[in-house]
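J.: Structure incoming, see below.
Number of protein chains: 2
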Amino acid sequence: MIPTFFVAALSLLPVPAKVAPDEGRLVIDQNFSVGVTGVGDPRITDAVARLIPCLAKKTGIPIGVVKAANPTLLIHCLHAGAPVQQLGEDESYQLELTETQAQLTAPNPLGILHGIETFVQLIEASPGGFSASVVKIDDRPRFPWRGLHLDVSRHWMPIEVVLRNLDGMAAVKLNVFHWHLSDDQGFRIESKVYPKLQELGSDGHYYTQDQVRKVIAYARDRGIRVMPEFDVPAHATAWLVGYPELAAAPGPYEIGRHWGIFAPAMDPSKEAVYTFLDNFIGEMAKLFPDEYFHIGGDEVNGTQWNASTSIQAFKKQHHLADNHALQAYFNQRLQAIVKKHGKHMVGWDEVLDPGLPKDIVIQSWRGPHSLAEASRMGYDSLLSAPYYLDHMKTAAQMYLADPLEGESSGLTPEQQQRVLGGEVATWSEYLTPENIDSRIWPRTAAIAERFWSPQDQKDVASLYERSAILSRELEDLGLLHKSNYRMMLERIAGPTALEPLKTLASVVSPVNLGGRARARQYTQQTPLNRLCDAALPESATARRFQKSVEDMLAGQSGRDSIRLQLMLWRENEAALRPEFDGNNLMHELAPVSANVSALAGAGLAALDALDAHQRPADAWIGEQHALLANARKPQAELIIQIVPAIQKLVDAAAAL
Amino acid sequence: MIPTFFVAALSLLPVPAKVAPDEGRLVIDQNFSVGVTGVGDPRITDAVARLIPCLAKKTGIPIGVVKAANPTLLIHCLHAGAPVQQLGEDESYQLELTETQAQLTAPNPLGILHGIETFVQLIEASPGGFSASVVKIDDRPRFPWRGLHLDVSRHWMPIEVVLRNLDGMAAVKLNVFHWHLSDDQGFRIESKVYPKLQELGSDGHYYTQDQVRKVIAYARDRGIRVMPEFDVPAHATAWLVGYPELAAAPGPYEIGRHWGIFAPAMDPSKEAVYTFLDNFIGEMAKLFPDEYFHIGGDEVNGTQWNASTSIQAFKKQHHLADNHALQAYFNQRLQAIVKKHGKHMVGWDEVLDPGLPKDIVIQSWRGPHSLAEASRMGYDSLLSAPYYLDHMKTAAQMYLADPLEGESSGLTPEQQQRVLGGEVATWSEYLTPENIDSRIWPRTAAIAERFWSPQDQKDVASLYERSAILSRELEDLGLLHKSNYRMMLERIAGPTALEPLKTLASVVSPVNLGGRARARQYTQQTPLNRLCDAALPESATARRFQKSVEDMLAGQSGRDSIRLQLMLWRENEAALRPEFDGNNLMHELAPVSANVSALAGAGLAALDALDAHQRPADAWIGEQHALLANARKPQAELIIQIVPAIQKLVDAAAAL
């Protein structure tokens, strides 16, 4: 059992399996040096080369490469790693700090990489300068598959976006990058065998094979496997622009420009489709060294299959009762192709069918039920359902969704063993290179801890504290979740409204995927430059305010600061109001700002009532309930996050 | 005469020579397109290629390359430019916007580059989306030489620092990058002829010749000449580490680690020195295509020359009365070498000597007097004295220093013509790649306007408004003056003190060069990670507060917001106090914070007295004067910038 107060003080994220801090500090100064012994590996050399500038940036001390007989950090790797990083390779490490030296030991280079990340996190400002606590850490992951899935089809993400997010993944010990490379809205990789895939299916926005090799090498250098996904037979419109003959209905086809479930699907009754996929997968299997290969398989709506007389005839001929059976047939053929090219097939949970061999992996997305079902049926499985970032859930909500609890808690130990881990799912309907980082980070760190740390690690307050520290360090690595948020607010605000817009933005969050789709008809070309695109998925201000209100109502102090905060919110409207008419990005925010101001006014009146110990009039209470109900409705695709706290204040006044 | 209210509304910086705005807007949306006609030039093609993503970033609209018969921006260049950009090449342009099209015409590609920057600055948020005002602009620079000097010796600046600052220069139409490549503390360029220069003189921190070519090409692409400086015969210790035989005293020599005027100097009496310089300058003259070549020439203290019997004998033999005459001899020899390699020599104002031919340029740094003197003596001249960024003057102070006013106002028109312009001087004693941008930007924009815009452009309030807008756009170009400021504050603050530290930082500025040197013994390795390294040279908060106080004392409103501001400053101390002991970077700020809090208290008491129309007691007034005197003293190498405003409040109360 980890003493939580120490863990919070150390600010490690994810929390290691075992931590034993002690008194004393190891000072980090200009004389910092690293020594490497044991089995050599270029990944270790590269990680050390990154560590030096990383520490210089973290501390502001001009740390350079210093040779020392007795280095500050002594790294010792016991064995070589696999030539291609394997699922289940030993990722453990031991890190022991004294007042004079840090010793990092691991059986495999992967553990050294993780241990270096932990070492960096240990360093903090202290009275004697930058230093790290004396500590003994014995760490290993809970799950072997800890992934981040990234959709680069619906909105194109240049390679820089991928690379900086790989750095973020490494910082929180995620180890699988699941690269969703094709969908209706874009085919994002160069095929030399079928070049019309990218030439006609990508608007020129695709990764060359050289870039793909660069990403794979960059990921390997950081202990991360790269699994490609090519989604078939549906979500495949972009393939059909160049190769309409693959489809179950005649073309021509155009790149999808909006979102949803589209009719176009590959024709499982055509041999030519399998020949095409064999050639294509053969090409990609050589490019991607990882032994897992994702074929999508989700959301086949059957429209084209049902309308095709030849497919109907094929189903009859092969005794395929329905479209599920037809897709299972397709998947069996596909699995044989994937296997022939040396890979295990992975698919979204629709592919689950007892007809498939047991060496495939099921990725649960429609709910945790399919994870348990797949495991019971003997399949390896991955959980993604609770980790869809576009659902705009809080870090705490996702953090507390454990792969082995709820639906999975009834699994036998053997079945639980088949739960390999999970993946955070990033879908890009409402993402651009500007705002993607703020959707992924820091919330993904919470899920990374769920995948890595002991199951009983559930202290949400500690998570948020550590996450705030990590969030800043991620920016040092090159992530832009904080700086692009500011940049987007500055763009929306124009030259004069930045401060009040910041105040408004700090208490709102965007609606989720469904809310966006209901609000307006989006296409791939719709500018994503509004406050709902910039605002953070989670309002730290609202969370802290909620806590203050709850503490105050439970009898603690803090009434003055709550009042001051409410006054600032109430007054903010006056600063913003002159800005709404001059700027179309500000215009839609007028009702949001008016509601925040009114809510703050309601909160202040409730505070006055509480101060005076006098219940407000029924009419006033009724008015506040109407205001709260109105303020709960999304406006400008934003949700005001302080509503629950104001509700508590009004309810407390009404209960006098 | 430019109508100032329009100029401010247009927010152009530097203000063009002639601006005639009219009613109507040109909308910028996804259909934005560019057409190029007239004489082609790769600089124009590249500028257009940069413009598209620049507008996408500015607006958040997915603008791509669109072909259109009638493009939004039509560019027409009349003539080809010089193969190597020349001093005095025509930089003028005409830019005319209607509600349907922008037309940019120039006689030379340089004008097109400047006009594109103006076009970008015209675009702003408006009720109908992003758009630009209908306007007619006829623009040309006032001075042909508008430079930024950068010392990369005392602290090493990697090539990224140089490149992003070239982008900043282009944005404000500066056209000379003066690259100070050698000094006592480092020799920063690869010489293939004398490789020990960089091998022994740079700690491995130097630009390869390929990198230099990249910088030159990048600068040319942005309308910027690159002039190298190799400072001789003094400030040359780093040369002597590899080639001690050049020195006037026997070696060995080590790279300088602290600052100041050092004894080592080259020996003007040795023929081998001229042979060396001939070979070296020959190599560099080929690498740098610009026709100007800076040889430094400043701060020869004569210690080694005076101590050398052979030099004494040489002086006697050549009838050189003193060290100035000896340096003039050296410079004559040097000038012949520089000229032989096809260049004009440029030197700091110590080189001024009637013995030198008139085709050299004198750069005035010790004061504007030498500028006038050089011009009167028939030399071309450059003004840098008022534009030393490390003097920590405000943008307004530097803005109002005009090259042709003060000492130069008595020059004849012909002599004035010899004032080519000026250069902003950046010296890196207290600069790192982290904080350099915040020293250069946005203050340099003010000086750029001085060099470009009409002499009567002196509206400081307008300058600050436009500068704030430009400052944000510079970050979009990749400059880090705002984001690194935040990053450094976050590092100093640690996880819990960021907001109160921001408040403290917003009212302080670092002391100047002299103040730093008096405060402690710095070396090249001293960490520059303290608040005095992060704090901005100019406090916008203090400037605005000063204005509010002056307005209020003159009878205008604003007393409530002044009171609120003072309360926040007074209370900030309570939030910071718990942080001082846990963190060595915070520790030194305790007295600064205490003083700010006390000043705010004094201001509040003065306000109370003003409200009550009652003069405070003499004893209180005396106490406040003592407090103000104490708060004026630098602490932690910081100056509290709200002292003058508090002084005004106290004086007003005392005058009741």
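These protein sequences, in sequence, are chains A and B. Residue numbering for the first sequence follows the working numbering, beginning at 10 and increasing consecutively. Residue numbering for the second sequence follows the working numbering, beginning at 10 and increasing consecutively. Here a beta-carbon is modelled for each residue, glycine too, at the ideal position from N, C-alpha and C.
Using a Cβ-Cβ cut-off of 8 Å, state whether N581 of chain A counts as contacting chain B.
T.: Counting from one through the first sequence, the residue named residue 581 of chain A turns up at place 572. Answer no: the Cβ-Cβ gap between N581 of chain A and chain B never drops below 8 Å.
J.: Quick check: L183 of chain B and A457 of chain B, are their CB atoms within less than 8 Å of each other?
T.: The sequence position of residue 183 of chain B within the second sequence is 174, counting from 1. The sequence position of residue 457 of chain B within the second sequence is 448, counting from 1. Yes; because the gap between Cβ atoms is below 8 Å, this pair is in contact.
J.: Of the residues B:H164, B:F186 and B:A543, which one's Cα is nearest the Cα of R173 of chain B?
T.: The sequence position of residue 173 of chain B within the second sequence is 164, counting from 1. Comparing Cα-Cα distances from R173 of chain B to each of B:H164, B:F186 and B:A543, the minimum goes to B:F186.
J.: For a contact meaning CB atoms closer than 9 Å, what does T68 of chain B contact in chain D?
T.: The structure shown contains no chain D; its protein chains are A and B.
J.: Check Y102 of chain A in the structure and name its three-state DSSP category.
T.: As a position in the first sequence, residue 102 of chain A is number 93, starting the count at 1. Of the three classes helix, strand and coil, the one that applies to Y102 of chain A here is strand, per DSSP.
J.: Got a sec: which bits of the stretch 566-593 of chain B sit with their beta carbon under 7 Å from any beta carbon on chain A, in order along the chain?
T.: Within the stretch 566-593 of chain B, the residues whose Cβ lies closer than 7 Å to some Cβ of chain A are D590, G591, N592 and N593, listed in chain order.
J.: So what does DSSP say about S211 of chain B, is it helix, strand or coil?
T.: In the second sequence, the residue the question calls residue 211 of chain B occupies position 202. Coil at S211 of chain B, not helix or strand.
J.: Assuming G431 of chain A and L479 of chain A are in contact, meaning their beta carbons sit under 8 Å apart, how far apart are those beta carbons, in whole angstroms?
T.: What you label residue 431 of chain A is simply residue 422 of the first sequence in a count that begins at 1. What you label residue 479 of chain A is simply residue 470 of the first sequence in a count that begins at 1. At roughly 19 Å, the Cβ-Cβ gap does not stay under 8 Å, so G431 of chain A and L479 of chain A are not in contact.
J.: Between P653 of chain A and K402 of chain A, what straight-line distance do the alpha-carbon atoms span, to the nearest angstrom?
T.: In the first sequence, the residue the question calls residue 653 of chain A occupies position 644. In the first sequence, the residue the question calls residue 402 of chain A occupies position 393. About 16 Å.
J.: Which one of B:D99, B:R527 and B:A549 has the shortest CA to CA distance from Q644 of chain B?
T.: The residue given as residue 644 of chain B occupies position 635 in the second sequence. Cα-wise, what sits closest to Q644 of chain B is B:R527.
J.: Just to confirm my understanding: we take Y283 of chain B, look at its own chain, exclude 5 residues before and 5 after, and list those with CB closer than 6 Å. What are they?
T.: Here the question's residue 283 of chain B lines up with position 274 in the second sequence. Hits under 6 Å: R342.
J.: Inspect the CB distances between the stretch 560-567 of chain A and the stretch 587-599 of chain A and report whether three or more fall short of 8 Å.
T.: No contact exists between the stretch 560-567 of chain A and the stretch 587-599 of chain A.
J.: Using beta carbons (cut-off 8 Å, strictly below), is E458 of chain A in contact with chain B?
T.: Within the first sequence, residue 458 of chain A is the residue found at index 449, counting from 1. For E458 of chain A, the answer is no, since every Cβ of chain B falls outside 8 Å of its Cβ.
J.: Entirely within the stretch 520-549 of chain B and at least 4 residues each: give me those alpha helix (DSSP H) ranges in chain order.
T.: Fully enclosed alpha helix (DSSP H) runs of 4 or longer: 522-528 and 540-543.
J.: Cα-Cα, which of A:G156, A:R34, A:L472 and A:W314 is closest to F339 of chain A?
T.: Numbered from 1 along the first sequence, position 330 holds the residue referred to as residue 339 of chain A. It is A:W314.
J.: Sort A:L440, A:S319 and A:V202 by Cα distance to P167 of chain A and report the nearest one.
T.: In the first sequence, residue 167 of chain A corresponds to position 158, counting from 1. With distances taken between Cα atoms, P167 of chain A lies closest to A:L440.
J.: Can you name, in chain order, every residue of its own chain whose Cβ lies under 7 Å from the Cβ of A661 of chain B, other than the five neighbours on each side?
T.: As a position in the second sequence, residue 661 of chain B is number 652, starting the count at 1. Within the same chain, A661 of chain B has close Cβ partners L562, A615 and L619.
J.: Under three-state DSSP, which class holds T312 of chain B?
T.: In the second sequence, residue 312 of chain B corresponds to position 303, counting from 1. Three-state DSSP puts T312 of chain B in a helix.
J.: From the DSSP output, read off the bridge partner residues of S373 of chain B.
T.: The residue given as residue 373 of chain B occupies position 364 in the second sequence. Paired residue(s): B:L392.
J.: In the stretch 233-280 of chain B, which residue ranges form an unbroken beta strand (DSSP E) of at least 3 residues, counting only runs that do not cross its ends?
T.: Counting only runs of 3 or more, we get 234-239.
J.: Taking Cβ-Cβ distances shorter than 9 Å, what residues in chain B pair up with E133 of chain A?
T.: Taking the first residue of the first sequence as 1, we reach residue 133 of chain A at position 124. Here the neighbours are G503, P504 and N592.
J.: What runs of the alpha helix (DSSP H), each 4 residues or longer, lie entirely inside the stretch 102-190 of chain A?
T.: Those alpha helix (DSSP H) runs which fall completely within the stretch 102-190 of chain A and span 4+ residues are 118-131 and 168-180.
J.: Against chain A, which members of the stretch 483-500 of chain B pass a CB distance test of less than 9 Å?
T.: The stretch 483-500 of chain B vs chain A, Cβ under 9 Å: E484, D485, K491, S492, R495, M496, M497, E499 and R500.
J.: Please identify the residue among A:Y252, A:G306 and A:P261 whose C-alpha is closest to the C-alpha of A281 of chain A.
T.: Translated into the one-based positions of the first sequence, residue 281 of chain A becomes position 272. The candidate whose alpha carbon is nearest that of A281 of chain A is A:Y252.
J.: Can you give the Cα-Cα distance for T535 of chain A and D389 of chain B, rounded to whole angstroms?
T.: If you number the first sequence from 1, residue 535 of chain A lands on position 526. If you number the second sequence from 1, residue 389 of chain B lands on position 380. Whole-angstrom Cα-Cα distance: 55 Å.
J.: Less than 8 Å between the C-beta atoms of V36 of chain A and G137 of chain A, yes or no?
T.: Translated into the one-based positions of the first sequence, residue 36 of chain A becomes position 27. Translated into the one-based positions of the first sequence, residue 137 of chain A becomes position 128. Yes, Cβ-Cβ distance for V36 of chain A and G137 of chain A is below 8 Å.
J.: Under a three-way DSSP split, which group does E32 of chain A fall into?
T.: Taking the first sequence and counting its residues from 1, the one referred to as residue 32 of chain A is at position 23. Strand at E32 of chain A.
J.: Within a Cβ cutoff of 7 Å, which residues of the same chain sit near R375 of chain A, ignoring the five residues on either side of it in sequence?
T.: The residue given as residue 375 of chain A occupies position 366 in the first sequence. Cβ neighbours of R375 of chain A beyond the five flanking positions: D358 and A394.
J.: What does K27 of chain B pair with, by DSSP beta-bridge criteria?
T.: The residue labelled residue 27 of chain B in the question sits at position 18 within the second sequence. Note: K27 of chain B sits in a beta bridge opposite B:D147.
J.: Using the Cα positions of A29 of chain A and K145 of chain A, report the straight-line distance between them to the nearest angstrom.
T.: The sequence position of residue 29 of chain A within the first sequence is 20, counting from 1. The sequence position of residue 145 of chain A within the first sequence is 136, counting from 1. Their Cα atoms are separated by approximately 5 Å.
J.: Hey, is the stretch 38-50 of chain B in contact with the stretch 153-170 of chain B, meaning 3+ C-beta pairs nearer than 8 Å?
T.: Too few Cβ pairs lie closer than 8 Å, so no.
J.: List the residues of chain A that Q39 of chain B touches, going by C-beta distances under 9 Å, in chain order.
T.: Translated into the one-based positions of the second sequence, residue 39 of chain B becomes position 30. Ordered by position in chain A, the residues that pass the 9 Å Cβ test against Q39 of chain B are Q534 and P536.
J.: Enumerate in chain order the residues of its own chain whose CB-to-CB distance from A226 of chain A is below 7 Å, with the five nearest sequence positions on each side excluded.
T.: Taking the first residue of the first sequence as 1, we reach residue 226 of chain A at position 217. Around A226 of chain A: no qualifying Cβ.
J.: Taking only beta-carbon atoms, is L22 of chain A less than 8 Å away from chain B?
T.: Position 13 of the first sequence, counting from 1, holds the residue named residue 22 of chain A. It does not; no Cβ of chain B falls within 8 Å.
J.: Applying a beta-carbon distance threshold of less than 7 Å, which residues of chain A neighbour R481 of chain B?
T.: Along the second sequence, read from residue 1 onward, the residue named residue 481 of chain B stands at position 472. Under the 7 Å cutoff, chain A gives E499.
J.: Listing by chain order, which chain A residues have their CB less than 8 Å from the CB of A257 of chain B?
T.: Stepping through the second sequence from its first residue, residue 257 of chain B is reached at position 248. Under the 8 Å cutoff, chain A gives no residues; its nearest Cβ is about 32 Å from A257 of chain B.
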